[in-house]
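Novice: Dropping a structure here in structure tokens format, bear with me for questions.
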Amino acid sequence: MNVLVTGGAGYIGSHTVRALQAAGHRVVVLDSLETGAREALLGTPLAVGDIADSELVRQLCRDHAIQGLIHFAAYKSVGESMQYPTRYFRNNVAGTSALVEAAAHEGVQRVVFSSSCSVYGTPAQMPAAESAPIQPESVYAETKAMSEQVLRWMHATHGVRSVSLRYFNAAGASLDNAIGEDWSNAANLIPLVMKATLGRQGPVQVFGADYPTPDGTCIRDYIHVDDLADAHVRALQYLFDGGATTALNVGTGTGSSVLDVIRTTERVSGRPVPYDLVGRRQGDPVTVFADPTLVRATLGWTPQHGLDTIIESAWRWHSTHIDGYPSRRGSDG
Ligand SMILES: NC(=O)c1ccc[n+]([C@@H]2O[C@H](COP(=O)([O-])OP(=O)(O)OC[C@H]3O[C@@H](n4cnc5c(N)ncnc54)[C@H](O)[C@@H]3O)[C@@H](O)[C@H]2O)c1
1 MNVLVTGGAG
11 YIGSHTVRAL
21 QAAGHRVVVL
31 DSLETGAREA
41 LLGTPLAVGD
51 IADSELVRQL
61 CRDHAIQGLI
71 HFAAYKSVGE
81 SMQYPTRYFR
91 NNVAGTSALV
101 EAAAHEGVQR
111 VVFSSSCSVY
121 GTPAQMPAAE
131 SAPIQPESVY
141 AETKAMSEQV
151 LRWMHATHGV
161 RSVSLRYFNA
171 AGASLDNAIG
181 EDWSNAANLI
191 PLVMKATLGR
201 QGPVQVFGAD
211 YPTPDGTCIR
221 DYIHVDDLAD
231 AHVRALQYLF
241 DGGATTALNV
251 GTGTGSSVLD
261 VIRTTERVSG
271 RPVPYDLVGR
281 RQGDPVTVFA
291 DPTLVRATLG
301 WTPQHGLDTI
311 IESAWRWHST
321 HIDGYPSRRG
331 SDG
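Those letters in the sequence shown? Residues 1 to 333, by our numbering.
In structure tokens:
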């Protein structure tokens, strides 16, 4: 089918574009290139523009006879969202509203949306299931929860069906090393560990080593980006098969600690990872991992890769693309 992918030049979007093409779909990408890179598209058609540009969205839907929408485009920094809340509400929530409205005008009635496990805040129970209360603890998380509501009401009022995929921690790079994460835009643990190991920044700060976990450090659910991409392809198919609007956790169901990530990186790279044990960071939940029961049942999805593959692919990518994508050089470091 013909699919419009917003934010397709970004990290998760670019891996999903490849997975869609491998499954036989025709893809066109809409991306502002604010944090994405043209090279990550490996020649896939790209319209450079904003999701809030309704005329452009409608034109793309018409020109490419779009049947489904996969919506990644958003700002994603929790810290920045607390500094510039209205910027996040405008891009992530108002942008989603404008996009979905414009696409619906052109008859696009199936949407897969990038949500986040952060909508659960500090989950009341572990593993986190979809039935857990939605209690965002940051502006970023609130924008995801609000966008899910926009989609829910677009179903109720306009029949637009959607799957909100609540990602846990996306990580790793494509196994053929063709695309990966541009770390100029990443504040997550694994890119930070890679940067430190490659001498591109100081030691990794490990926030808290006295938690009630086996090694004392926090535990998160890391999911390989190609597994995440596969979940999008399946979610789109689910909607085309008549599936109802839903929200699904996309995580492996197992957690790895900060020290697990560091030790695995040391083993894979053959280098020491410089790190400092520092105090706990306020607001960090101790352990977060998904209950993936519903996504397995609904999409028939199971992750294929574990932490070793995540770290091996991330190491291969970062150590051979030390300056990221050429078009993004100088955007940070
Ligand atoms: N990386 C993670 O672990 C993670 C976890 C949970 C949810 N998410 C969500 O997944 C999505 C993709 O994340 P990512 O890690 O690939 O981020 P990314 O920054 O690499 O990709 C986002 C892309 O969207 C584009 N974009 C942003 N605003 C736009 C706009 N108004 N119009 C057009 N394009 C715009 C950017 O240029 C970029 O290419 C985001 O919605 C993010 O919130 C990511």
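Glycine included, each C-beta is placed from N, C-alpha and C at the ideal position.
Terminal residues of the continuous alpha helix (DSSP H) containing Ser54?
Specialist: Run containing Ser54: Ser54 to Asp63, per the alpha helix (DSSP H) assignment.
Novice: Val112 bridges to which residues according to DSSP?
Specialist: Paired residues: Ile70 and Val163.
Novice: Taking CB distances under 9 Å as the criterion, tell me whether Val57 reaches chain B.
Specialist: Of the protein chains in this structure there is only one, and it is not chain B.
Novice: Could you name the residues that DSSP lists as bridge partners for Leu46?
Specialist: DSSP, once it has assigned bridges, lists Val29 as partnering Leu46.
Novice: Exposed or buried, which one is Gly333 when buried takes at least 16 other CB atoms within 10 Å?
Specialist: Unreliable positioning characterises Gly333 in this predicted model, as indicated by a pLDDT of 39, which lies under 50. The coordinate reading is nonetheless provided below. That one is exposed.
Novice: Please report the distance separating the alpha-carbon of Ala98 from that of Ala196.
Specialist: Computed Cα separation, rounded: 40 Å.
Novice: Please identify the residue among Gly253, Pro274 and Thr254 whose C-alpha is closest to the C-alpha of Arg263.
Specialist: Nearest C-alpha to Arg263: Pro274.
Novice: Using three-state DSSP, classify Asn177 as helix, strand or coil.
Specialist: Asn177 falls in the coil class under three-state DSSP.
Novice: Just reading off the beta strand (DSSP E) that Gln304 is part of, what are its end residues?
Specialist: Gln304 -> no beta strand (DSSP E), and no H or E assigned at all.
Novice: How close, in whole Å, do the beta carbons of Ala171 and Asn249 come, if the pair is a contact with beta carbons under 8 Å?
Specialist: That belief does not hold up - the Cβ atoms of Ala171 and Asn249 are roughly 16 Å apart, past 8 Å.
Novice: With a cut-off of 8 Å on the beta carbons, I'd call His64 and Thr96 a contact; round off their distance for me.
Specialist: The Cβ separation is near 20 Å, so there is no contact.
Novice: Taking the alpha carbon of Ala73 as the point to measure from, which residue in Thr86, Ala94, Gln59 and Glu55 has its own alpha carbon closest?
Specialist: Nearest option by C-alpha distance: Ala94.
Novice: Check Tyr238 in the structure and name its three-state DSSP category.
Specialist: Tyr238: helix per DSSP, three-state reduction.
Novice: Quick one, which of Ser164, Thr298 and Gln67 has its alpha-carbon nearest Met1's?
Specialist: The option with the nearest alpha carbon to Met1 is Gln67.
Novice: Alpha carbon to alpha carbon, how far is Ala47 from Phe380? Give it in angstroms, no decimals.
Specialist: A question about residue 380 goes unanswered here, because the residues of the chain that appear run from 1 up to 333.
Novice: Near Ala145, which residues of its chain fall below 7 Å by C-beta distance, leaving aside the five closest residues on each side in sequence?
Specialist: Cβ within range, chain order: Val119, Ile134 and Pro136.
Novice: Going straight from the alpha carbon of Trp315 to that of Gly36, what length do you get?
Specialist: Spanning the two alpha carbons is a distance of roughly 20 Å.
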